[in-house]
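Asks: This is the structure I have questions about; it appears just below.
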Amino acid sequence: MRLMQRQLNLLMENKIYLYGASGHCKVVMTILLANQEKITAIIDDNPKTKELLAVPVIHSTEFVAENNQKLIVSIGNNEIRKKIVNKIKGNFHTAIHPKAIVSLFSKVKEGSMVMAGAIINVDAVVGKHCIVNTGAIIEHDCVIEDYVHLSPNATLSGNVVVKEGAHIGVGACVIQGVTIGKWAIIGAGTVIIRDVPDYAVVVGNPGRVIKSKKIIDNE
Ligand SMILES: CC(C)(COP(=O)(O)OP(=O)(O)OC[C@H]1O[C@@H](n2cnc3c(N)ncnc32)[C@H](O)[C@@H]1OP(=O)(O)O)[C@@H](O)C(=O)NCCC(=O)NCCS
């Protein structure tokens, strides 16, 4: 009983805030709820949004930084997520769904979110503020840099490198050993069989570059 009380106290000590009251935020909330972590509030500057799944939404000007706070930037768009992270600078929290399979020999860095059914296999590294979405698979020895988003059911074979900010679309698959360039976008269902240049937008099977994304300005 005393142990349970201590665990409850621990839960209450840390105040967890999410930034961005989006649909993606609701999925992050379900991870925290599944882990019995209490969400104090969600920060969002849309004056129309007052609550999300019964959690209060506060304006960024109402947010006062304290040491015992933990933050997750719950915004799906990689560029916006990076901008917010650079703006708020906090103690970032990592959310891993209890039904994700994460190898003890892998690493998931701060601010990242791993949804239900995702698999991160042995010796894979997931950078900061990444999204490993529902059912995505990161095979052995992959290196995922910061601000990457792996959409639902995207699959990376072994030894794939995904550079900063790249977005791998829903159901896309990448063969072993390939490097995906920074801020590249891989379309839904695309099959990647060779390296992808930085900023490229790639679609189809086999994947072909259809255009280059405008270079982001917040590096
Ligand atoms: C790749 C993508 C970003 C391109 O979007 P866009 O820049 O708006 O491009 P368009 O829709 O104008 O399409 C450009 C061309 O590529 C084709 N195309 C777009 N997406 C494609 C895809 N996933 N597979 C095959 N072809 C695709 C279009 O048919 C079009 O071909 P056309 O010029 O012959 O008509 C988008 O289609 C996509 O797949 N996004 C991924 C979405 C996703 O996975 N979301 C998950 C959220 S969790």
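Residue numbers (the working numbering): 140 to 358. The beta-carbon is built from N, C-alpha and C at its ideal position, and this holds for glycine as well. Remember, it's a predicted structure, so these values are computed and weren't measured experimentally.
At what residues does the alpha helix (DSSP H) containing Thr169 begin and finish?
Replies: Gly162 to Ala173
Asks: In whole angstroms, what is the alpha-carbon distance linking Lys226 and Tyr158?
Replies: 12 Å
Asks: Which residues does DSSP pair with Val399 in a beta bridge?
Replies: In the structure as shown, the chain starts at 140 and stops at 358, and residue 399 therefore has no counterpart that could be examined.
Asks: Please classify Lys350: is it buried, with 16 or more other beta-carbons within 10 angstroms of its beta-carbon, or exposed?
Replies: Flag for Lys350 reads exposed.
Asks: Can you give the Cα-Cα distance for Leu149 and Ala257, rounded to whole angstroms?
Replies: Unreliable placement is indicated for Leu149, whose pLDDT of 49 sits below 50; the coordinate value is still reported in the next sentence. Roughly 27 Å separates the two Cα atoms.
Asks: Could you check whether the Cβ of Thr329 sits closer than 8 Å to any heavy atom belonging to ligand 1?
Replies: Yes.
Asks: Suppose contacts are defined by Cβ-Cβ distances below 9 Å. Is Val309 in contact with Ala327 by that definition?
Replies: Remark: C-beta atoms of Val309 and Ala327 approach each other more closely than 9 Å.
Asks: Select from Ala234, Tyr286, Ser296 and Leu295 the residue whose C-alpha is nearest the C-alpha of Lys321.
Replies: Tyr286
Asks: With DSSP run on the structure shown, which of helix, strand or coil describes Glu218?
Replies: helix
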